[in-house]
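Visitor:
Residue numbers (the numbering used here): 209 to 297.
#1: Any chance the CB of residue 262 is under 6 angstroms from a heavy atom of the ligand FMN?
#2: Grab the span of the alpha helix (DSSP H) containing residue 247 for me, first residue to last.
#3: Could you give the distance in angstroms between the alpha-carbon of residue 269 and the alpha-carbon of residue 258?
#4: By Cβ distance below 8 angstroms, which residues in the same chain neighbour residue 294 in space, the five residues on each side in sequence not counted?
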């Protein structure tokens with residue numbers, strides 16, 4: 209398993225539901241047996257920093273989902289603006 213898979217299973221797209229005005233996950237308890245199934249990342253943050261050549265600051269990422277109803281042109285513009293604004297990935 210992975211932390212990403214676990215969170216996807218727990219909340220999935222709940223945070224993207226239009227019917228919800230606000231939502232906050234305040235507590236999460238993970239059974240010890242489940243935690244033991246996580247092997248950890250294959251490498252550390254230094255490898256990621258080396259790949260991106262970014263040091264001395266947080267790495268910033270974003271996912272712009274097509275479900276937002278953007279045209280291809282506007283989708284491309286949104287991605288461009290995010291990267292132009294300083295996102296790393």
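Built from N, CA and C at the ideal position, the CB exists for glycine as well.
These numbers were taken from a predicted model, which means no experiment stands behind them.
Guide: Taking the structure as given:
#1: For the ligand FMN, the structure offers nothing, since it holds no ligand at all.
#2: Counted from its first residue, the chain shown places residue 247 at position 39. Where residue 247 is concerned, there is no enclosing alpha helix (DSSP H), given that its DSSP letter is neither H nor E.
#3: Locating residue 269 in the chain shown gives position 61, where the first residue counts as 1. Locating residue 258 in the chain shown gives position 50, where the first residue counts as 1. Computed Cα separation, rounded: 16 angstroms.
#4: For the purposes of this step, residue 294 is taken as residue 86 along the chain shown, with counting starting at 1. Cβ neighbours of residue 294 within its own chain (closer than 8 angstroms, five residues either side excluded): 268.
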